[in-house]
Structures are given as structure tokens and as C-alpha cells.
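Structure first, commentary second.
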Amino acid sequence: MVILLEPDRSDHAAVVKAVKRAASRFPGIKIKPYEFSGASHRFTEVHLVGRTQGIPTLPFEGIPGVLRVVRVSSKYRIIGRHGAIDSSVGFKANGVFFDDKHLTLIAGLCAVDTRQHVDLMFKALAQEGLTAARMGVYKPRTSPYDFQGLGAKCLPYVFELAGKYGIKIVAMEVVDASQIKEVLAALKKTGKPTQVLFQVGTRNSQNFELLKALGKQKMPVLFKRGMGITLEESLNACEYIASEGNPNIVFCLRGVKTHLGDPHRNLVDFAHVPVVRRQTRMPVCVDPSHSVGSLRETPDGIPDVFHATAQGIIAGATSVLVDFHPNPKEALCDGPQALTFDRLKPFVDYMTKVRRTYEDLAKITVS
Ligand code: PEP
Ligand code: MN
12 MVILLEPDRS
22 DHAAVVKAVK
32 RAASRFPGIK
42 IKPYEFSGAS
52 HRFTEVHLVG
62 RTQGIPTLPF
72 EGIPGVLRVV
82 RVSSKYRIIG
92 RHGAIDSSVG
102 FKANGVFFDD
112 KHLTLIAGLC
122 AVDTRQHVDL
132 MFKALAQEGL
142 TAARMGVYKP
152 RTSPYDFQGL
162 GAKCLPYVFE
172 LAGKYGIKIV
182 AMEVVDASQI
192 KEVLAALKKT
202 GKPTQVLFQV
212 GTRNSQNFEL
222 LKALGKQKMP
232 VLFKRGMGIT
242 LEESLNACEY
252 IASEGNPNIV
262 FCLRGVKTHL
272 GDPHRNLVDF
282 AHVPVVRRQT
292 RMPVCVDPSH
302 SVGSLRETPD
312 GIPDVFHATA
322 QGIIAGATSV
332 LVDFHPNPKE
342 ALCDGPQALT
352 FDRLKPFVDY
362 MTKVRRTYED
372 LAKITVS
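Per this note's numbering, residue 12 is the first one in the sequence shown, and the count goes up by one each step.
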């Protein structure tokens with residue numbers, strides 16, 4: 012059972028206390044308060060865990076400051092939407108919005124290869140007024156003989172350069188819990204010029220120890236849907252992160268593995284954007300680069316990566332993770348799918364137009 016408090020109450024601690032007092036009358040029930048700092052509001056919830064079927068809702072509904080009491084039948088106790096609390100979707104991290112209202116582009120190198128390429132990438136983003144980036148440092152590769160990422164040694168210059176160009180958040184995959192410490196130590200050593208969005212890659216979507224370790228962090232997480240598991244299993248994986256105390260999760264669709272998706276690298280699964288939005292309060296991201304896997308274009312000159320982006324945004328995704336590279340031929344990972352800088356501004360314009368259309372369509376649909 013979830014007891015939702017009215018948002019932004021200054022006396023929330025007193026309301027939580029009153030809820031706890033009322034709940035303590037029922038034996039064998041665990042009482043867990045949670046705080047969510049949404050993009051524009053602060054939310055408090057008290058979760059009652061255990062055999063709550065026989066507990067009446069009335070004693071809680073009568074407490075001043077309680078907004079609603081929801082019987083949670085779904086498994087997604089924390090990430091679940093639990094009946095339209097729209098404004099609790101998402102969060103703001105170092106000034107960058109990941110919510111239902113703002114469109115955020117997370118563009119950058121699939122893998123850091125040279126300092127110069129990181130510099131050029133951040134510079135190009137800054138020129139477009141963009142403040143979120145992706146930078147792969149630890150790369151989970153299919154073959155042990157492929158480039159595994161530069162690892163911790165590139166972190167100091169990645170963070171310094173992010174600070175130089177006003178990049179507020181860097182999405183960065185960690186493939187092992189020990190790397191969380193390395194990343195945080197490097198951030199601290201460089202004077203915290205930016206923040207990290209810890210990325211869980213598709214291959215680690217059920218690495219429960221990693222998920223639990225990320226759940227204990229304050230920095231947000233970008234979770235990439237497992238490529239060979241059900242959507243439900245991926246959502247449960249996010250619940251692992253949230254249940255450890257970190258509800259700031261962006262759910263990223265990146266396609267699923269099947270040859271039925273050929274000639275795309277993965278079968279584009281962006282029709283799941285509305286499903287995730289309906290079932291959870293996680294903001295949804297799409298990754299058209301790893302879904303499509305090439306820069307092939309339709310006869311109108313529009314790359315499939317753009318088309319897939321449009322499919323995600325028109326369905327309500329509010330962030331896009333996409334590979335760019337100053338010289339894709341020199342990229343050590345995923346060069347064939349990396350867009351070049353001449354396409355950065357057109358990509359931003361394209362995304363913005365599609366989002367405007369989404370907003371218009373949403374108005375039509377609800378009016
Ligand atoms: C990536 O984004 O760098 C990546 C490896 O993607 P995925 O985990 O979706 O394959
Ligand atoms: Mn990649």
C-alpha cells in the first residue's frame with residue numbers, strides 16, 4: 012500500500028510521523044518512507060510492505076496532508092505510476108531536465124578514443140547550446156579482442172573538458188560496481204566540473220549486484236532495456252535500483268536482438284515508449300544509434316537514425332541518446348552508426364519539430 016502525501020508540504024515530516032503512527036497499529040507491516048525530488052516538485056510517500064490486503068485505507072485518508080492512498084497490485088512499487096501523478100515523472104540533474112516536459116539530447120562519443128575528439132565533441136555540443144553528453148569509457152564488447160574502452164585513465168580529461176564547455180551531465184556506462192568508485196573519485200579530484208548519468212548497458216540489464224550498487228548512489232541512472240529479456244524483466248531491474256534508494260532513473264529503449272530486425276542492428280522497439288510511460292513514472296529515452304546501427308538513408312535523404320528518433324519522440328520519449336563522432340572512420344567503437352557534426356544542428360531542429368508535433372497531438376487527443 013502506498014500513501015502519497017500532498018507535494019511540497021513543509022510539514023511533510025509531521026505527516027509521515029502521523030502515517031507511521033496509524034500504520035503501527037497493524038502488526039507485521041514494514042513502514043518505508045520515500046522522498047522523490049521531481050523536476051519541479053518534491054514528493055513524499057510512505058510504503059506499507061507486507062500483508063496489507065486487510066488494512067483499511069480510511070485511517071490514512073483522514074490524515075491532513077495525505078493526498079491519496081493506493082493499493083499497489085503491481086510489482087513496480089517504487090517506479091510504478093500508481094494512478095496518474097503526472098508531475099512526479101522524472102527529475103532535474105545539475106540543471107538538466109529528465110522529465111515529461113523537456114526534450115533533452117544526450118549526444119556524444121560511443122567510446123572515448125582521444126582527448127582531442129572529446130574536446131571537439133563537447134565544443135560542438137556547446138555551440139548548439141547543449142549541456143548533456145554521452146562518453147563511453149568502460150565498453151562491454153562482444154569480443155575480448157575488440158577495444159574495451161580507455162577506462163579510468165581518460166576520466167580526468169573527460170571531466171575537465173566537460174567543465175570547460177559547460178557540459179552539465181555525462182552519460183557513462185559502468186560494467187562493474189568497482190567502476191562507480193573510480194568515476195566518483197575522478198569527479199572529486201577534478202573539482203566536480205560536471206555530473207554523471209550512470210549508464211547500465213543492455214548486457215548488464217540483469218546484473219543485480221551492479222543494479223543494487225547503483226541504487227545506493229545519489230547520481231541518476233540511465234537504464235538500457237535488456238536486448239533479450241521481456242520488458243517486464245527490464246522494469247523489474249529498474250525496481251532493483253529504486254528499491255535500494257535511487258528513484259532517479261531514465262528508461263532507455265535501444266532495440267531488441269532478433270534477426271527479424273535485419274538490416275537494422277536491432278529490432279526498433281520504440282512502440283514500447285507509451286507502455287513504459289503508462290506503467291511507470293520513469294522518463295523515457297530512446298537510442299536510435301544502437302537500434303538502427305548504420306547511417307543508411309531513405310530516398311528523401313533522411314537517415315533511418317532520424318526516422319527512429321521521430322518514432323520515439325512522437326510516442327512521448329523526452330530524451331534521445333545518440334552517437335556522434337568528429338571522424339567516424341577513426342572511431343574505435345561503432346563508427347558506422349556515428350553521425351558527423353554537420354548533422355548536429357539538423358538533428359536538433361528535427362527533434363524539436365517532432366516534439367512540437369507531439370505536443371500538438373497531445374492537445375488534440377485530450378481536448
Ligand atoms: C552504449 O550505449 O554505449 C551501448 C553499449 O549500448 P547498449 O548497451 O544499448 O548496447
Ligand atoms: Mn556503441
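Every residue gets a Cβ at the ideal spot worked out from N, C-alpha and C, and that includes glycine.
Are the segment 200-220 and the segment 181-190 touching by the rule of at least three beta carbon pairs closer than 8 Å?
yes
Return the bridge partner residues of G119 from the DSSP annotation.
As a beta-bridge residue in DSSP terms, G119 pairs with R145, D334.
Apart from the five residues on each side of it in sequence, which residues of its chain come closer than 8 Å, Cβ to Cβ, to V123?
V129, M146, G147, V148, G160, L161, C165, V169
Could you tell me the distance, in whole angstroms, from the CA atom of I324 to the CA atom of H275?
Put simply, the backbone Cα of I324 is about 19 Å away from that of H275.
So, at 7 Å on beta carbons, what are the nonlocal neighbours of V83 in its own chain, with the 5 sequence-adjacent residues on each side left out?
M12, V13, G91, H93
Would you identify the three-state DSSP class for V27, choosing helix, strand or coil?
helix
Start and end of the alpha helix (DSSP H) containing R289?
284-290
What residue does the beta strand (DSSP E) around F170 start on, and which one ends it?
No beta strand (DSSP E) contains F170, which is instead part of the alpha helix (DSSP H) from 166-175.
Could you tell me which residues DSSP pairs with Q206 in its beta bridges?
I180
Just reading off the alpha helix (DSSP H) that F219 is part of, what are its end residues?
219-226
Am I right that V80 and F71 are in contact with their C-beta atoms under 8 Å? What's the rounded C-beta distance?
5 Å
Mind checking whether F262 and C296 have CB atoms under 8 Å apart?
yes
From which residue to which residue does the beta strand (DSSP E) around A45 run?
Correcting the residue type first, residue 45 is Tyr in the shown sequence and not Ala. Residues 41-48.
I believe A321 touches V279 by the beta-carbon criterion, under 8 Å. Please report the beta-carbon distance rounded to the nearest angstrom.
Not really, about 11 Å apart at Cβ, beyond 8 Å.
Where in the segment 211-283 do unbroken runs of the beta strand (DSSP E), each at least 3 residues long, occur, reported from the N-terminal end onward?
Complete beta strand (DSSP E) runs here, min 3: 232-235, 260-264.
Measuring alpha carbon to alpha carbon, tell me which residue in A248, V359, L78, K41 is nearest R20.
L78
Whether or not the segment 129-142 and the segment 340-347 are in contact is what I'm after, with contact meaning three or more pairs of Cβ atoms, one per stretch, closer than 8 Å; do they touch?
The segment 340-347 makes no contact with the segment 129-142: fewer than 3 CB pairs, one atom from each, lie closer than 8 Å.
Among A50, F47, E56, which has the Cα closest to the Cα of A29?
Out of A50, F47, E56, E56 has the C-alpha closest to the C-alpha of A29.
Ends of the beta strand (DSSP E) at L69?
Segment 69-72 is the alpha helix (DSSP H) holding L69; no beta strand (DSSP E) there.
Would you list the one or two residues that DSSP bridges to K199?
K199 is not bridged to any residue.
Using only the heavy atoms of ligand 2, determine whether one of them is closer than 7 Å to the beta carbon of D345.
yes
From what residue to what residue does the beta strand (DSSP E) around L59 run?
Counting along the chain, the unbroken beta strand (DSSP E) around L59 starts and ends at 53-60.
Using C-beta distances below 8 Å, list every residue in its chain close to A33, excluding the 5 sequence neighbours before and after it, in chain order.
The beta carbon of A33 lies closer than 8 Å to those of P70, F71, I74 in the same chain, with the five residues before and after it left out.
Kindly examine ligand 1 and report whether one of its heavy atoms sits closer than 7 Å to the Cβ of D187.
no
A342 bridges to which residues according to DSSP?
None; A342 has no bridge partner.
Take the Cβ of S154 as the centre, count every other Cβ of all protein chains shown within 10 Å, and call the residue buried at 16 or more, exposed below.
exposed
Against chain B, does V331 count as a neighbour if the rule is that its beta carbon must be under 8 Å from one of theirs?
No chain B appears in the structure shown, which is made up of a single protein chain.
Can the beta-carbon of K374 be found closer than 8 Å to that of E139?
Not a contact, by the Cβ cut-off of 8 Å.
Taking the continuous beta strand (DSSP E) assigned at K6, which residues delimit it?
Summary: the structure shown does not reach residue 6, with the chain confined to residues 12 through 378, and so no result is reported for it.
What does DSSP give as the partner residue(s) for F4 in the beta ladder?
Past the edges of the chain, shown from 12 to 378, lies residue 4, and the structure says nothing about it.
When you compare each of F37, H52, S51 to R62 by their alpha carbons, which one comes out closest?
F37
Just the Cα atoms here: how many angstroms apart are S378 and Q127?
Confidence at S378 is low in this model, with a pLDDT of 49, below 50, so the placement of that residue should be treated as unreliable; the coordinate-derived value is given next. Distance between the alpha carbons of S378 and Q127 is about 51 Å.
Identify the continuous alpha helix (DSSP H) that holds V186 and give its terminal residues.
Looking at the DSSP string, V186 is not in any alpha helix (DSSP H), and its letter there is neither H nor E.
Quick one: give me the first and last residue of the alpha helix (DSSP H) that L114 is part of.
No alpha helix (DSSP H) contains L114, which DSSP labels as neither H nor E.
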